[in-house]
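Q: Supplied in structure tokens, the structure appears directly below.
There are 2 protein chains.
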Amino acid sequence: MQSIALRLRRSGKSIGLVPTMGALHSGHLSLVGRARRGNDIVVVSVFVNPAQFGPEEDYLRYPRPFARDAKACRDAGVDYLFVPDAAAMYPDGYLTYVSVEKMSERLCGAFRPGHFRGVATVVARLFAIAQPSRAYFGRKDYQQLKIIQRMTKDLNLPVKIVSCPVVREPSGLALSSRNRYLSLPERERSAALFRALQQAREMIEYRHITDSGCVAAAVSALVKKIPDAKIEYISVFDAETLVPLAKIAPPAVIALAVRIGTTRLIDNILVRKI
Amino acid sequence: MQSIALRLRRSGKSIGLVPTMGALHSGHLSLVGRARRGNDIVVVSVFVNPAQFGPEEDYLRYPRPFARDAKACRDAGVDYLFVPDAAAMYPDGYLTYVSVEKMSERLCGAFRPGHFRGVATVVARLFAIAQPSRAYFGRKDYQQLKIIQRMTKDLNLPVKIVSCPVVREPSGLALSSRNRYLSLPERERSAALFRALQQAREMIEYRHITDSGCVAAAVSALVKKIPDAKIEYISVFDAETLVPLAKIAPPAVIALAVRIGTTRLIDNILVRKI
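Listed in order, the protein sequences are those of chains A and B.
Each residue of the first sequence is one higher than the one before, counting from 1 in the working numbering.
Each residue of the second sequence is one higher than the one before, counting from 1 in the working numbering.
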């Protein structure tokens, strides 16, 4: 993949990279479409990265519907599908990790120690391998997006990070490969997460409530109505630094991580004005 | 620098990078000569990297004879001299670090916590900025060389690391920018370090002594004869993994770090056979 990518770049072609863990849904495909329109060549990587899963997490049961993913990529006009295996990516003697300090320790990072180190490391390597001009990330994984933007800037990587909107089901539920873990009733109930975020945004943007404790409490009250919901966090933070805000000042993000039964879901919404 | 380098690479030129902290001596210039012979374009970077100095170390007093360095580079046929300042390399909000685990904790790393994290981070960034085909490192900083090789391989960086021999004074003292801290008597006495390493190698290669404790004790006895010498470590380790060897098996390295007065010197020698 690297030698192909280096040759393409030397011949003047632009490359758009969409890094994924596979189990592609319309959210991923929206990134692929954006990459397709903006670049000569589109590379999709599919790699369920063990370094970003904790020991108690779903690495082994994470869905790997490879034939379907390959077909979806072909249909979407992807030029190269890069699918390394874990032994090739982490051979014996592998020792190097990329960390984005502070930003990686908050929010999801507090509940998933080492997760964002695994993400930053694999993304830095996928950039080295696929030599992208542009790389595409969805805003559902907002913390991941900001960490990757920070890493790319800090390490002077010559890659433009393109941030893409969350794709949602008609119910409002953000698309995620993990949604397939939800039972049908759980899936229906999970739509309340986005409704809670929307109401929080309205509290801020239209009712001018700037106390984040008050906003978080309102979201929490709505989430707690969902049966079997277990809140990991509900947080209002600065959209760039991810530092929690006591008094909300835009641009800010309201984000949550909630377990519905055994399935961990995340979502967020941007607050643009107060 | 990055836009120049990307343009050069796209036009098919090879780039040789010699990363330095300046205060250039013949050791550096041997790297530059090697880069000059092997590449279309030679880039030398001069950056006294604060991230690789401990709080009690010589960051502030590290020599910065910039005009002399620039002249030496011009005379050696260097095409680009890249001299960023610390505020440009570590702006407010900088958060990203590259770590090579285990290898960074041993030897010099045990005495200079964080040093190799600073080295790996700045080298990864200099690679991103100068886009080298090849990068040149001296074997005096043997641990640094092996950590950079490991990082380059692990992060899939498309850079060939070229390892170059130690350049020595006629006395045997390894050239170092820090040698200028030595008084004349200290400088004369410091030549004993290399003689001690040579004798250790002879013990192994010609007298077939493979007990590393025995070899280290012999080196230690010789070093202790130097007035004002303070040993940080004397170690025999595997040349690739840097893991200490109880029973010496080649390729191995005998390395030492010794303070002569207030000046910290390092040196090493390769053992090729037993």
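Note that the Cβ used here is the ideal one computed from N, Cα and C, for glycine as well.
The model shown is predicted, which means the values in this text are computed figures rather than measured ones.
(1) Scan the stretch 104-137 of chain A for residues whose Cβ lies nearer than 7 Å to a Cβ of chain B and list them as they occur along the chain.
(2) When you compare the CB of B:Pro158 with every CB in chain A, is at least one pair closer than 8 Å?
(3) Looking at the strands, I want to know which residues DSSP matches up with B:Lys247.
(4) Could you check whether the stretch 61-71 of chain A touches the stretch 100-109 of chain A, counting it as contact only if at least three pairs of C-beta atoms, one from each stretch, sit closer than 8 Å?
(5) Quick check on the DSSP output: the beta strand (DSSP E) that includes B:Asp228 runs from which residue to which?
(6) Using a Cβ cut-off of 8 Å (strictly closer), state whether A:Gln143 contacts chain B.
(7) Using a Cβ cut-off of 7 Å, which residues of the stretch 78-103 of chain B contact any Cβ in chain A, in chain order?
(8) Between A:Ala120 and A:Ile161, is the Cβ-Cβ spacing less than 8 Å?
(9) Give a yes or no on whether 8 Å exceeds the smallest Cβ distance from A:Leu265 to chain B.
(10) Per DSSP, which one or two residues make a beta bridge with A:Cys164?
(11) Using beta carbons (cut-off 8 Å, strictly below), is B:Asp75 in contact with chain A?
(12) Quick one: list the residues of chain B neighbouring A:Leu155, beta-carbon separation under 7 Å, in chain order.
(13) Check distances from the C-beta atoms of the stretch 222-242 of chain A to those of chain B and list, in chain order, the residues that come in under 9 Å.
(14) Whole alpha helix (DSSP H) runs in the stretch 46-119 of chain B with 4 or more residues, listed along the chain?
(15) So, under 8 Å CB-CB, A:Leu270 and A:Ala239 are touching, yes? Tell me the CB distance rounded to an integer number of Å.
(16) Rounded to whole angstroms, what's the CA-CA distance from B:Ala200 to B:Arg264? Just pull it up for me.
(17) Report yes or no: do three or more beta-carbon pairs, one from the stretch 31-45 of chain A and one from the stretch 135-145 of chain A, lie closer than 8 Å?
(18) Any beta-carbon of chain B closer than 8 Å to the one on A:Met203?
(19) Nearest by alpha-carbon distance to B:Gly54: which of B:Gly93, B:Cys108 and B:Ala216 is it?
(20) Helix, strand or coil: how does DSSP classify B:Arg125 here?
(21) So, for B:Arg68: in the same chain, excluding its five sequence neighbours on each side, which residues have a beta-carbon less than 8 Å away from its beta-carbon?
(22) Quick one: which residues of the stretch 8-33 of chain A get their C-beta closer than 8 Å to a C-beta of chain B? List them in chain order.
(23) Which one of A:Ile15, A:Ser26, A:Phe66 and A:Val46 has the shortest CA to CA distance from A:Val167?
(24) Would a check of beta-carbon distances place B:Leu6 closer than 8 Å to chain A?
(25) Report the residue from B:Tyr80, B:Asp154 and B:Arg207 whose alpha carbon sits nearest the alpha carbon of B:Ser3.
(26) Would B:Gln2 pass as an interface residue toward chain A - the criterion being a Cβ-Cβ separation below 8 Å?
(27) Less than 8 Å between CB atoms is the rule here; does A:Arg259 satisfy it with respect to chain B?
(28) For B:Ile254, which three-state DSSP category applies?
(29) Using a Cβ-Cβ cutoff of less than 7 Å, which residues in the same chain neighbour A:Tyr142 once the five nearest sequence positions on both sides are dropped?
(30) Report back the beta-carbon spacing between A:Leu155 and B:Thr96 to the nearest angstrom; my notes put them in contact at under 8 Å.
(31) Which residue wins for smallest C-alpha separation from A:Leu29, given the options A:Asn39, A:Asp40, A:Val44 and A:Ile15?
(32) If you follow the beta strand (DSSP E) that A:Arg264 is part of, which residue opens it and which one closes it?
(33) Would B:Phe127 pass as a contact of B:Val83 if the rule is Cβ separation under 8 Å?
(34) Confirm, please, whether the CB-CB distance from B:Gly22 to B:Asn39 is below 8 Å.
(35) Taking its Cβ as the centre, do 16 or more other Cβ atoms sit within 10 Å of A:Ala216, making it buried, or is it exposed?
(36) Taking Cβ positions, are A:Ala130 and A:Tyr90 nearer each other than 8 Å?
A: Walking through what the data contain:
(1) Ala124, Arg125, Ala128 and Ile129
(2) yes
(3) B:Asp211
(4) no
(5) DSSP places B:Asp228 in no beta strand (DSSP E); its state is neither H nor E.
(6) no
(7) For the stretch 78-103 of chain B, which is checked against every Cβ of chain A, the residues closer than 7 Å are Tyr94, Leu95, Thr96, Tyr97, Val98, Ser99, Val100, Glu101, Lys102 and Met103.
(8) no
(9) no
(10) A:Gly138
(11) no
(12) Thr96, Ala124, Arg125 and Ala128
(13) Residues passing the 9 Å Cβ filter: Glu240 and Thr241.
(14) 66-75, 86-89 and 108-111
(15) With 8 Å as the limit, A:Leu270 and A:Ala239 qualify as a contact, their Cβ atoms being about 7 Å apart.
(16) 21 Å
(17) yes
(18) no
(19) Taking only the C-alpha atoms, the option nearest B:Gly54 is B:Cys108.
(20) B:Arg125 falls in the helix class under three-state DSSP.
(21) Leu24
(22) Arg9, Arg10 and Gly12
(23) A:Ser26
(24) yes
(25) B:Tyr80
(26) Taking CB atoms only, B:Gln2 has a neighbour in chain A less than 8 Å away.
(27) no
(28) B:Ile254 falls in the strand class under three-state DSSP.
(29) Val253, Ala255 and Asn268
(30) 6 Å
(31) A:Val44
(32) Thr263 to Val271
(33) Not a contact, by the Cβ cut-off of 8 Å.
(34) no
(35) buried
(36) Cβ atoms of A:Ala130 and A:Tyr90: not closer than 8 Å.
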